[in-house]
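Undergrad: In this note's numbering, the protein residues as written are 6 to 520.
For each residue, glycine too, the CB sits at the ideal point set by N, CA and C.
So, in structure tokens, the structure goes:
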């Protein structure tokens with residue numbers, strides 16, 4: 006197995022091997038093991054990715070889970086189907102818009118509202134889509150039954166797991182939110198009220214029972230059954246807007262992928278309200294314009310492409326069911342998201358990115374389910390195409406992506422990290438597909454991020470990035486070390502002979518596995 010690099014403390018999170026069953030890349034080793042277990046049980050890549058997603062909701066409970074929402078892009082080889090599942094949260098029908106007025110009407114990305122109703126508590130919760138999205142994709146394209154696929158996650162919840170450094174850091178950064186409700190504190194902190202630390206053992210028995218209910222009864226358990234009843238009762242007790250009708254009416258949306266071409270490869274990524282098409286367009290622009298040799302020239306070309314991508318996002322992204330793509334501003338996205346992917350020897354592939362956003366601080370009593378605060382993703386006043394409307398889905402930077410070499414899926418890639426998702430995917434795909442850099446090295450390269458009037462870069466990129474920021478008239482910020490804030494990317498590449506490289510981003514101590 007290859008050795009890790011000094012910038013990442015020797016972390017080894019990738020494998021390259023001949024693929025006999027498949028490969029997974031996931032943000033946590035325990036969740037990656039869940040995907041491997043499913044592949045070894047005869048599951049396909051869709052099964053494995055969904056198993057990883059359910060497991061991530063246990064081992065990184067603040068970032069994802071049954072209370073979350075997100076996107077999935079998959080390719081089913083036998084049918085030749087490439088499709089996207091949109092299971093983002095939706096605005097509850099009874100939402101009172103006057104409570105979500107921005108305090109800074111001049112800001113393009115304002116997230117603050119009076120009373121913090123979009124940030125924490127029961128009114129920050131959008132109708133969760135994860136249970137519906139994961140189960141519907143499994144039913145349509147999986148090879149194994151629901152109970153088998155969810156079983157590893159249930160086992161982790163019941164038997165416990167070792168808290169990873171990323172999850173512990175997340176808990177420390179949001180401790181005030183963990184104390185927002187008594188149930189959140191009970192479930193996600195130690196019995197004495199202290200935080201879980203990296204290396205501690207943690208179990209989530211209530212959440213395990215909720216997973217059991219979904220395993221047994223499918224998404225109906227969450228949307229019309231016992232879990233729905235618990236969610237609605239808690240909402241009613243705390244003046245939340247989410248109702249039984251909102252849950253019962255939730256639907257997953259199947260979307261055609263956004264597509265593009267780069268270096269003879271076809272890119273299939275999540276379509277709006279995702280930002281996926283921006284990366285395809287950005288890569289195409291780099292190919293048309295050409296990229297100079299040398300690190301300085303590459304950095305400038307990438308930064309200029311990023312700025313153009315975000316200008317396109319400002320003027321062309323929203324929920325297509327509500328608005329034509331024009332003048333859309335996103336709300337406040339969180340860097341804390343779950344992204345994972347899987348591929349198999351039969352040619353199937355899946356990439357999932359889903360999130361609680363920053364989470365609401367609300368754990369539904371008796372269920373262990375931490376609810377999202379995806380209302381924070383909307384623009385904080387009326388009149389914007391990304392403003393709040395009943396049933397609406399927010400604009401998002403999440404973009405699970407597949408890359409095809411002819412009819413064959415050659416790469417799966419996704420990331421967590423707010424708008425840094427967009428720029429991380431651009432850089433990794435540029436380095437690997439455009440420059441021929443090995444995938445594991447492309448993920449480990451230092452990163453920069455240019456957006457609006459700011460350029461951010463890894464600290465060891467400063468010598469190049471800081472003068473570039475001055476040249477472009479941008480504010481410069483150095484990210485400490487190799488921070489997951491610059492996105493955590495999980496990716497797999499498979500060569501024509503079946504050799505697979507699975508890479509978990511060392512910034513997040515993630516894990517790639519090939520079996």
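(1) Report the rounded CA-to-CA distance for residue 259 versus residue 147, giving the unit in angstroms.
(2) If you follow the alpha helix (DSSP H) that residue 211 is part of, which residue opens it and which one closes it?
(3) Between the alpha carbons of residue 443 and residue 151, how many angstroms are there, rounded?
(4) Could you work out which residue in 461, 412 and 133 is closest to residue 257 when comparing CA atoms only?
(5) Between residue 480 and the rest of its own chain, which residues show a CB-CB distance below 8 angstroms, the 5 nearest in sequence each way excluded?
(6) What do you get for residue 387, buried or exposed, if any count of 16 or more other CB atoms within 10 angstroms of its CB means buried?
(7) Please go through the stretch 60-89 and give each complete beta strand (DSSP E) segment of 3 or more residues, from N-terminal end onward.
(8) Between which two residues does the beta strand (DSSP E) harbouring residue 267 extend?
(9) What's the call for residue 251, buried or exposed, on a 16-neighbour Cβ count within 10 Å?
(10) Whole angstroms is fine: what's the gap from residue 449's alpha carbon to residue 346's?
(11) What are the uninterrupted segments assigned as alpha helix (DSSP H) that are 4 or more residues long and contained completely in the stretch 145-170, given in chain order?
(12) Go to residue 228, then tell me how far its alpha helix (DSSP H) extends in each direction, as first and last residue.
(13) Figure out for me which residue from 51, 17, 23 and 18 has the closest Cα to the Cα of residue 499.
(14) What's the gap between the Cα of residue 39 and the Cα of residue 294?
(15) Rank 292, 508, 315 and 301 by C-alpha distance to the C-alpha of residue 348 and give the top, closest one.
(16) On the three-pair Cβ rule with 8 angstroms, is the stretch 378-398 touching the stretch 97-107?
(17) Less than 7 angstroms between C-beta atoms, sequence neighbours within five positions excluded: which residues of the same chain meet that for residue 211?
(18) From the DSSP secondary-structure annotation, give me the bridge partner or partners of residue 421.
(19) Taking a contact to mean a Cβ-Cβ separation below 8 angstroms, would you say residue 518 touches residue 408 in this structure?
(20) If you check the beta carbons only, do residue 496 and residue 417 fall under 8 angstroms apart?
(21) How many angstroms separate the CA atom of residue 43 from the CA atom of residue 267?
(22) Just mark residue 241 as buried or exposed, buried being the case when its beta carbon has 16 or more other beta carbons within 10 Å.
(23) Have a look at residue 237 and residue 169 and give me their C-alpha separation to the nearest angstrom.
(24) Between the C-alpha atoms of residue 287 and residue 399, what's the straight-line distance to the nearest angstrom?
(25) If I follow the unbroken beta strand (DSSP E) through residue 459, where does it start and stop?
(26) Suppose you measure from the CA of residue 265 to the CA of residue 194; what does that come to, to the nearest Å?
(27) Go ahead and label residue 359 buried or exposed: buried means 16 or more other beta carbons lie within 10 angstroms of its beta carbon, across all protein chains shown.
(28) What three-state label does DSSP hand residue 180 in the structure shown?
(29) Can you name, in chain order, every residue of its own chain whose Cβ lies under 8 angstroms from the Cβ of residue 218, other than the five neighbours on each side?
(30) Keeping to the same chain, check which residues put their C-beta closer than 6 angstroms to that of residue 243; ignore five residues upstream and five downstream.
(31) Please return the same chain residues whose Cβ sits closer than 6 angstroms to the Cβ of residue 59, not counting the five positions on each side in sequence.
(32) Keeping to the same chain, check which residues put their C-beta closer than 8 angstroms to that of residue 313; ignore five residues upstream and five downstream.
(33) Here's the rule: buried if 16 or more other CB atoms are within 10 angstroms of the residue's CB, otherwise exposed. What is residue 102?
(34) Determine the closest residue to residue 120 out of 430, 381, 451 and 472, with distance taken between C-alpha atoms.
TA: In this structure, then:
(1) 16 angstroms
(2) 210-222
(3) 36 angstroms
(4) 133
(5) 458, 459, 460 and 474
(6) exposed
(7) 74-81
(8) 263-267
(9) buried
(10) 18 angstroms
(11) 151-164
(12) 225-228
(13) 23
(14) 43 angstroms
(15) 508
(16) yes
(17) 192, 371, 372 and 373
(18) 493
(19) no
(20) yes
(21) 33 angstroms
(22) exposed
(23) 32 angstroms
(24) 22 angstroms
(25) 459-463
(26) 45 angstroms
(27) buried
(28) helix
(29) 226, 227, 230, 231 and 232
(30) 127
(31) 155 and 158
(32) 287 and 290
(33) exposed
(34) 381
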